[in-house]
Amino acid sequence: MSTPPASAVSESTGVPKPRSGKEVRAEAQRRRTFAVISHPDAGKSTLTEALALHAKVISEAGAVHGKAGRKSTVSDWMEMEKARGISVSSTALQFNYTSSESSPGQDGSETVNVINLVDTPGHSDFSEDTYRVLTAVDAAVMLIDAAKGLEPQTLKLFQVCRHRGIPVITVINKWDRPGRAPLELLDEIDERIGLTPTPLFWPVGIAGDFRGLLRRGEDGIATEYVKFTRTAGGAKIAPEEHLTADEASDREGEVWTEAAEESELLSASGQDHDQEMFLAGQTSPVIFASAMLNFGVRQILDTLVSLAPPPRARLDIEGNPRNVDDPFSAVVFKVQAGMDTAHRDRLAFMRVVSGVFERGMVVTHAQTGKPFATKYALTVFGRERTTVENAYPGDVVGLVNATALAPGHTLYVDKKVEFPPIPSFAPEHFAILRAESASKYKQFRKAVDQLDSEGVVQILRNDIRGDASPVMAAVGPMQFEVVAARMKAEYNVEPKIEPLGYALARRTDADSVDELNRQRGVEVFMRSDGVLLALVSDKWRLQYIQKELPELTLEPLVAATD
């Protein structure tokens, strides 16, 4: 995070002075906070590294060709992530970036943008964590595999972004490998999700023969050719050569001519960028890239800076806007423990919504009304931790030992504000959780409470099963593996996990509990937040009960598939 400007610090005391609204608005204006989201194995972690490489945060990318010989990327920290080559946790990275296309200010200086990149889980079993992250960002970069096109998780995430009003920049990745025709991919985006793709750059060379990018100007006319040169293993920034259209035609011949004709065809179809339509979620700028080779990565960063929205006012629980220059407020979107085996701390990641965060300030926890001291504040990327002194709207800060905080909670100073809670998503997998050894019951209970509060799984209880045998509910079964691994590593508890024969959950009420519990294939539980959930064996059983007993409450949860 940036340090306070000299004018903001008292010379006599060294205590930061109150920031002016103008300063806060200016700091918010130069920030871009976004998430990288996609179907598993589309290259999110690789792109994260490539972006960090271009911002000179790291000197060499950690990923190499092929999962078998792959070094774990700098954003993956959990042992399970390293072993399987996937990301199951979210991390946040902040870096400064000066766009190659930015114009100097009145004083001749260049605008330095602050990029907040929130990486997300790369496996669909952890999609609920991705949904939480989307509450903390202002834009999304959606990766699409050039060979596979729109995949199930990609479709889900597009819909979540649309529901939340998050503008999406589409990156068609892995263009260095054989894949589908670019026009075919654009047609699929348009037809399947109703989002009009508007390419800013067009690939020169078919998938698998990626030579460079054609910059599209007015009416799709080529204004420039950016030609890339490979580096060994894609570990370094790919050198770029910038050529005019005539030079590109001489250099590439028919390959350039075909790209130029396709670009003009897009304009004839109305697929040129319109900023208002992009911010309204009707169109999506498109860039073709190879994150592995670092082709097109700078263009992604430049596009984020020039087109993605800065932090804006957010509506509180009563529907009132909280402006960026209002007193400090923030929303917690993720809680994580066990990130460092040497320190059993608990980190709550918050997105600053308004005002200025200063380390050491005492804020109020809206859900309890109690004060919360922020002595230990960090920015975390993988295992790298850096102390945060101050942060502005759009920034992501990790608060250490935040035992009372949970996803969806609000922190504020001055006049009370509370933001809408983050909904829990519909679980599809259920399992009984027990401790193998009765002597470890105390540690078992502590571990269950910890993982429940982090949102790793939803914990369900009822009087019949008791506290010794809570039921875990999850979007994907791999969440159960994370629970088992963390209970063993962090609490020295060997858990016993038994699958439970239910396939879906519905919200119910106290008046419906007794009758539902009498139904075959149904069991009612209470979630930790007090919500009553009826677990049902299958959708046909649910349909039968709804038909025969329509007076019972059986409401679908967010992202329910049936």
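0 is the number of the first residue of the sequence shown in numbering that gives the first Met the number 0; add one for each residue after it.
A virtual CB, placed ideally from N, CA and C, is assigned to each residue, including glycine.
Remember, predicted model here, so these are calculated numbers, not experimental data.
Indicate the three-state DSSP secondary structure (helix, strand or coil) for residue 212 in the structure shown. By one-based count along the sequence shown, residue 212 stands at place 213. Of the three classes helix, strand and coil, the one that applies to residue 212 here is strand, per DSSP.
Select from 411, 418 and 455 the residue whose C-alpha is nearest the C-alpha of residue 426. To locate residue 426, count along the sequence shown from 1; it is residue 427. It is 455.
Those residues which DSSP pairs with residue 631 across a bridge: A query on residue 631 cannot be resolved here, the shown segment of the chain reaching from 0 to 561 and no further.
Report the option in 465, 416, 420 and 491 whose CA atom is closest to the CA atom of residue 445. What you label residue 445 is simply residue 446 of the sequence shown in a count that begins at 1. The residue with the shortest Cα to Cα distance from residue 445 is 491.
State the start and end residues of the unbroken beta strand (DSSP E) segment that holds residue 471. To locate residue 471, count along the sequence shown from 1; it is residue 472. That run of the beta strand (DSSP E) goes 470-473.
In the DSSP assignment, the alpha helix (DSSP H) including residue 228 goes from what residue to what residue? Numbered from 1 along the sequence shown, position 229 holds the residue referred to as residue 228. Note, residue 228: premise wrong, no alpha helix (DSSP H); not H, not E.
How is residue 258 classed by DSSP in three states: helix, strand or coil? Position 259 of the sequence shown, counted from the start, is the residue given in the question as residue 258. In this structure, residue 258 counts as helix in the three-state DSSP scheme.
For residue 370, the first and last residue of its enclosing beta strand (DSSP E): Translated into positions along the sequence shown, residue 370 becomes position 371. That run of the beta strand (DSSP E) goes 370-372.
By DSSP, does residue 45 sit in helix, in strand, or in coil? For the purposes of this step, residue 45 is identified with residue 46 of the sequence shown, where counting begins at 1. Three-state result, residue 45: helix.
Assuming residue 533 contacts residue 504 under a Cβ cut-off of 8 Å, what Cβ separation, rounded to an integer in Å, is found between them? The residue labelled residue 533 in the question sits at position 534 within the sequence shown. The residue labelled residue 504 in the question sits at position 505 within the sequence shown. Contact holds; Cβ gap of about 7 Å.
Can you check whether the CB of residue 376 is closer than 8 Å to the CB of residue 387? Within the sequence shown, numbered from 1, the residue matching residue 387 stands at position 388. Within the sequence shown, numbered from 1, the residue matching residue 376 stands at position 377. Yes. Within cutoff.
Below 8 Å, how does it come out for the region 276-284 and the region 190-198: are there three or more Cβ pairs, yes or no? yes
Same chain only: Cβ atoms within 7 Å of residue 391, ignoring 5 sequence neighbours per side: Here residue 391 corresponds to residue number 392 of the sequence shown, with the count starting at 1. Only 23, 26, 27, 30, 351 and 355 meet the Cβ criterion.
So residue 236 and residue 52 are supposed to be a Cβ contact under 8 Å. How far apart are they, rounded? As a first step, residue 236 is located in the sequence shown; it is residue number 237 there, counting from the start. As a first step, residue 52 is located in the sequence shown; it is residue number 53 there, counting from the start. The Cβ separation is near 6 Å, so the contact holds.
For the structure I just gave you, are there three or more beta carbon pairs, one from the region 317-327 and one from the region 203-215, closer than 8 Å? no
Assuming contact is defined by CB atoms lying nearer than 8 Å, are residue 605 and residue 136 in contact in what I supplied? Here the chain covers residues 0 to 561 and nothing more, so residue 605 does not appear.
Which residue's Cα is closest to the Cα of residue 109: 116, 115, 164 and 98? Position 110 of the sequence shown, counting from 1, holds the residue named residue 109. It is 98.
How should residue 255 be labelled, buried or exposed, when 16 other C-beta atoms within 10 angstroms of its C-beta is the threshold for buried? Start at 1 with the first residue of the sequence shown, and residue 255 comes out as number 256. Counting Cβ neighbours within 10 Å, residue 255 comes out buried, since at least 16 surround it.
Assumed close pair residue 479, residue 496 - CB separation to whole angstroms, cut-off 8 Å: Against the sequence shown, residue 479 aligns to sequence position 480. Against the sequence shown, residue 496 aligns to sequence position 497. Sure, about 6 Å apart at Cβ, within 8 Å.
Excluding the 5 residues flanking residue 548 on each side, which residues of the same chain have their C-beta closer than 7 Å to its C-beta? Reading the sequence shown from its first residue, position 549 is the one you call residue 548. So the qualifying residues of the chain are 514.
Could you spell out where the alpha helix (DSSP H) holding residue 165 opens and where it closes? Counting from 1 along the sequence shown, the entry for residue 165 is found at position 166. Unbroken run through residue 165: none, as it is neither H nor E.
With distances taken from CA atoms, which of 440, 543, 539 and 507 is nearest residue 551? As a working mapping, residue 551 is identified with position 552 in the sequence shown. Comparing Cα-Cα distances from residue 551 to each of 440, 543, 539 and 507, the minimum goes to 507.
Rounded to whole angstroms, what's the CA-CA distance from residue 457 to residue 441? Just pull it up for me. For the purposes of this step, residue 457 is identified with residue 458 of the sequence shown, where counting begins at 1. For the purposes of this step, residue 441 is identified with residue 442 of the sequence shown, where counting begins at 1. For residue 457 and residue 441, the distance between alpha carbons rounds to 20 Å.
Could you tell me which uninterrupted beta strand (DSSP E) segments, each at least 3 residues in length, are contained entirely in the region 235-302, listed from first to last along the chain? 239-242 and 282-287
Mapping DSSP to helix, strand and coil, what is residue 497? Taking the first residue of the sequence shown as position 1, residue 497 is located at position 498. It is a strand residue.
Measuring alpha carbon to alpha carbon, tell me which of 305, 243, 294 and 154 ends up nearest residue 32. Locating residue 32 in the sequence shown gives position 33, where the first residue counts as 1. Ranking 305, 243, 294 and 154 by Cα distance to residue 32 puts 305 first.
Between the beta-carbon of residue 645 and the beta-carbon of residue 403, is there less than 8 Å? In the structure as shown, the chain starts at 0 and stops at 561, and residue 645 therefore has no counterpart that could be examined.
Inspect the beta-carbon positions of residue 540 and residue 494 and report whether they are closer than 8 Å. Position 541 of the sequence shown, counted from the first residue, corresponds to residue 540. Position 495 of the sequence shown, counted from the first residue, corresponds to residue 494. Contact flag unset, no.
Residue 187 - containing alpha helix (DSSP H), residue span: As a first step, residue 187 must be located in the sequence shown, where it is residue number 188. Element bounds for residue 187: 181-192.
Around the C-beta of residue 219, are 16 or more other C-beta atoms found within 10 angstroms, so that it is buried, or is it exposed? In the sequence shown, the residue the question calls residue 219 occupies position 220. The residue in question, residue 219, is buried, as its Cβ has 16 or more Cβ neighbours within 10 Å.
Does the distance from the CB of residue 307 to the CB of residue 138 come in under 8 Å? Stepping through the sequence shown from its first residue, residue 307 is reached at position 308. Stepping through the sequence shown from its first residue, residue 138 is reached at position 139. Yes, they are a contact pair.
Strand pairing of residue 491, partner residues [DSSP]: Counted from its first residue, the sequence shown places residue 491 at position 492. Answer is none; residue 491 lacks a bridge partner.
So what does residue 353 bridge to, in DSSP terms? As a position in the sequence shown, residue 353 is number 354, starting the count at 1. According to DSSP, residue 353 bridges with 328.
With a threshold of 8 Å, are at least 3 pairs of Cβ atoms found where one atom belongs to the region 171-181 and the other to the region 138-149? yes
In terms of DSSP beta bridges, what is residue 411 paired with? Working through the sequence shown from its first residue, we reach residue 411 at position 412. 328 and 363.
Going by DSSP, what residues sit across from residue 347 in a beta bridge? Translated into positions along the sequence shown, residue 347 becomes position 348. Paired residues: 334 and 398.
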